[in-house]
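Chemist: Sharing a structure with you now.
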Amino acid sequence: MHDTPTRLPRPAASGGSVLRFSCPTCGKACTAHAAAVGKRARCSSCNTDLVIPPASPKPTSPPPAPARQPFTSRARYTLSCGRCGTRYSVSGQPVGAKVSCPDCGVANLVSSEPDKPSKAQRPPALDQTQYELYEGEDQPWGVHLADQAPRHVSVVCQLCGTRMDVAEKHLGKQLVCPDCGTKTRIAVQPPAEKTKAPRLTDEAVEVEAAQENTLARFTVEEYLSRSRLGQEVASSRGAAAPPREAPSGALYRRAFTCWKSPGLIAVWLTVSVMGILVFCVLGGSVGGGAGVVSLGLGAIAGVLLLVVLLAISVLVAGVLAKILIELLSESSVGGDRVREWPTTDASEWLGPLVTLVVAGVVAAAPALLLLGGILPGGAPRLVWLSLWLGFPLVLLSQLESGSVWGVLSPPIVRTLSRFPLRWIAFYALSYPLVCGPWELVAEVAANRSMKWMYALIPLSLFATITYARVLGLHAWVLESLDRSSADASDSD
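Numbering-wise (the working numbering), the sequence shown opens with residue 220 and increments by one.
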């Protein structure tokens with residue numbers, strides 16, 4: 220059973236100790252006898268039950284302030300015992316105090332000269348203001364990489380004095396100043412004289428330096444062999460290597476090896492599909508067959524479709540021309556595959572397209588201008604004959620001279636008289652590749668036999684790509700024969 224709380228009794232006026240406390244609920248000051256500690260009572264103000272707490276201890280006086288300590292140095296001191304010679308270090312002790320030796324217990328005086336901090340064992344660049352770069356043993360030296368960078372020359376504008384840095388390949392050209400717009404011609408500077416390296420004696424050679432230089436040289440060569448710059452250097456070295464000699468019978472044995480080139484078959488199929496599509500739409504619209512009109516399109520839509528198809532035709536023809544010229548160039552040095560495929564840059568394939576168009580027009584011009592009026596009925600056949608005989612001469616002349624307008628190069632023309640059997644063999648192989656398929660395409664197109672075009676267009680494109688391969692091999696054979704005859708004449 221719980222004790223029934225009673226009201227707080229008032230303490231007697233005299234006798235016994237009195238407790239003073241506050242009600243935890245209303246805060247009223249209350250008093251009670253010391254003998255009532257721990258009993259339950261009720262506050263006379265708020266009627267809250269509470270337990271009479273014991274008397275609180277008397278507050279003690281605050282501790283005295285600590286005595287002022289003498290000056291203590293934060294430095295570290297090293298002491299040597301005067302009796303046993305033990306060396307020990309102390310810190311935080313007042314200067315002038317005595318510290319006992321940990322071995323013999325003799326008191327030693329703390330001197331006023333602290334120990335000097337020892338210097339860190341670090342590279343000089345970390346303790347001073349300059350900086351040094353560490354390139355590591357497995358990286359090429361910056362000096363060697365700088366030697367591989369393209370050379371630049373400084374040009375000063377004649378009007379405003381602005382200094383410009385340009386590459387050496389622009390020597391002799393005009394440079395526009397970025398500040399004032401004045402054109403300044405870049406003068407061709409004479410080549411710098413190479414200073415002769417001093418001759419070293421045996422005493423001047425350092426073995427360690429020689430090992431470092433050898434390691435750096437091999438590291439640079441390994442770096443260049445894996446980088447894009449190294450590939451360019453390797454390609455330039457390969458271009459400077461002696462040319463390959465054409466083997467016997469290369470014109471017939473290697474005529475179709477180009478089709479092993481990755482991607483060539485895919486390009487041939489793509490161009491064939493585009494050619495069939497363009498020919499069917501254009502041929503039907505012009506001839507009244509299954510073209511734009513039969514598709515149910517209006518006049519405006521038909522014209523727009525024709526414009527789009529013509530643009531696609533030019534694009535496909537440009538890509539095909541780039542591939543043909545690239546295949547011919549690779550074959551003329553003994554290569555078997557296309558190394559540089561056309562990109563989205565129109566300037567790369569527009570030049571080869573113009574070259575082939577000019578070569579075709581120039582090769583067919585004699586038949587169109589001279590023979591067309593004499594034999595009107597045989598004009599188409601004579602045009603094909605003129606293209607068959609003149610196109611290889613014109614195209615090889617353009618490539619040899621490096622210009623689209625160099626249609627007759629004397630070195631190429633002289634090969635007709637010097638190596639006539641080689642030209643006869645080439646013409647015998649090239650006639651079924653060019654004249655045969657394309658003559659059939661022209662005849663089928665004239666008769667509007669559209670069902671045969673699905674087979675003739677891929678066949679004609681296959682023959683055209685192979686013709687470029689054969690023409691490149693023929694140029695390779697002619698160059699090898701010309702070089703052999705030149706070497707024979709020099710030996711005589």
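Beta carbons: idealized from backbone N, C-alpha and C, even for Gly.
Bear in mind the structure is a predicted one, so any value in this text is a computation, not a measurement.
Thinking just about the alpha-carbon of each residue, which of Trp624, Thr685 and Leu692 is nearest to the one in Trp642?
Modeler: Leu692
Chemist: I'd like the list of long-range same chain contacts for Leu273, defined as Cβ closer than 6 Å, with 5 residues on each side in sequence excluded.
Modeler: Note that residue 273 is Pro in the sequence shown here, rather than Leu. Excluding positions up to five away in sequence, the list reads Val256.
Chemist: In chain order, what residues of the same chain lie with their CB nearer than 6 Å to the CB of Leu543, ignoring the 5 residues before and after it?
Modeler: If we look at Leu543 and ignore the five residues flanking it on each side, its Cβ neighbours are Ala687.
Chemist: Where do the ends of the alpha helix (DSSP H) carrying Val581 lie?
Modeler: Where Val581 is concerned, the enclosing alpha helix (DSSP H) stretches over Ala565 to Pro585.
Chemist: Below 8 Å on the Cβ atoms is my contact criterion, and I expect Ala540 with Leu572 to pass it. Report the Cβ-Cβ distance as a whole number of Å.
Modeler: 4 Å
Chemist: Cβ of Pro369 within 7 Å of any heavy atom in the ligand ATP?
Modeler: Of the ligands one can find in the structure shown there are none, so the ligand ATP has no counterpart to examine.
Chemist: Would you check if there are 3 or more beta carbon pairs closer than 8 Å linking the stretch 556-567 to the stretch 606-624?
Modeler: no
Chemist: Can you check DSSP and say which residues form a bridge with Ser550?
Modeler: None; Ser550 has no bridge partner.
Chemist: Let me check one thing: in DSSP terms, what residues is Phe240 bridge-paired to?
Modeler: Cys249
Chemist: Measuring CA to CA, which of Phe498, Asp706 and Glu698 is closest to Ala465?
Modeler: Glu698
Chemist: Closer than 7 Å by C-beta to Arg654: which residues in its own chain qualify, once you throw out the five before and the five after it? Chain order, please.
Modeler: Here residue 654 turns out to be Cys, not Arg, going by the sequence shown. Taken in chain order, the residues that qualify are Trp603 and Trp607.
Chemist: To the nearest whole angstrom, what separates the beta carbons of Val689 and Leu470, a pair I think is in contact under 8 Å?
Modeler: 7 Å
Chemist: Let me make sure I understand the geometry here. Which of Glu559, His371, Glu658 and Lys670 has the alpha-carbon closest to that of Leu496?
Modeler: Lys670
Chemist: When you compare only the Cα positions, how much space is there between Gly537 and Thr489?
Modeler: 14 Å
Chemist: Return the first residue and the last residue of the alpha helix (DSSP H) that Ala469 is part of.
Modeler: Ala469 to Arg472
Chemist: Count the other CB atoms, across all protein chains shown, that sit within 10 Å of the CB of Glu422; report buried if there are 16 or more and exposed otherwise.
Modeler: Note that Glu422 scores a pLDDT of 48, beneath 50, so its modelled location is shaky; the value from the coordinates is reported in the next line. When all chains shown are included, Glu422 counts as exposed.
Chemist: In whole angstroms, give me the CA-to-CA distance for Leu678 and Pro656.
Modeler: 7 Å
Chemist: Taking the continuous alpha helix (DSSP H) assigned at Arg295, which residues delimit it?
Modeler: Element bounds for Arg295: not the alpha helix (DSSP H) but the beta strand (DSSP E), Arg295 to Ser299.
Chemist: Is it true that the CB of Val318 sits closer than 8 Å to the CB of Leu298?
Modeler: In terms of Cβ geometry, Leu298 and Val318 form a close pair [threshold 8 Å].
Chemist: Here's the rule I'm using: 16 or more other beta-carbon atoms within 10 Å means buried, otherwise exposed. How should Cys399 be labelled?
Modeler: exposed
Chemist: In this structure, does DSSP put Gly324 in helix, strand or coil?
Modeler: Per DSSP, reduced to three states, the secondary structure at Gly324 is coil, with no helix or strand assignment.
Chemist: Leaving out the 5 sequence neighbours to the left and right, which residues in its chain are closer than 8 Å to Thr481 when beta-carbon positions are compared?
Modeler: It is worth fixing the name first, because residue 481 is Pro in this sequence and not Thr. Cβ neighbours of Pro481 beyond the five flanking positions: Arg556.
Chemist: Using alpha carbons as the reference points, say which of Tyr646, Ser264 and Ala386 lies closest to Cys249.
Modeler: Residue Ser264 is the option with its Cα nearest to Cys249.
Chemist: At which residues does the alpha helix (DSSP H) containing Leu635 begin and terminate?
Modeler: Unbroken alpha helix (DSSP H) run through Leu635: Pro629 to Arg637.
Chemist: Could you check whether Val329 and Ala316 sit closer than 8 Å to each other, using their CB atoms as the reference points?
Modeler: yes
Chemist: Quick one, are the C-beta atoms of Arg306 and Cys323 less than 8 Å apart?
Modeler: In this structure, Arg306 sits away from Cys323, with a CB-CB distance that is not shorter than 8 Å.
Chemist: Whole angstroms are fine: how far does the CA of Met383 sit from the CA of Leu172?
Modeler: Absent from the model: residue 172. The displayed extent of the chain is 220 to 711, so no value can be given.
Chemist: Short of 7 Å in beta carbon distance, which residues of its chain neighbour Ser616, apart from the five on each side in sequence? Order them along the chain.
Modeler: Only Gly625, Val626, Leu627, Ser628 and Ile631 meet the Cβ criterion.
Chemist: Quick check on this structure: which residue in Arg473, Thr683, Thr403 and Tyr650 has the alpha carbon closest to the alpha carbon of Leu390?
Modeler: Thr403
Chemist: When you compare each of Tyr673, Leu618, Glu662 and Val576 to Trp695 by their alpha carbons, which one comes out closest?
Modeler: Leu618
Chemist: What did DSSP end up calling Leu378 once you bin it into helix, strand or coil?
Modeler: coil
Chemist: Whole angstroms is fine: what's the gap from Ser703's alpha carbon to Pro639's?
Modeler: 16 Å
Chemist: Determine the extent of the beta strand (DSSP E) in which Lys402 is found, giving its start and end residues.
Modeler: Lys402 to Arg404
Chemist: Taking the alpha-carbon of Leu675 as reference, which of Val492, Phe610 and Leu587 has the nearest alpha-carbon?
Modeler: Val492
Chemist: What are the partner residues of Ala386, as DSSP defines its beta bridges?
Modeler: His371
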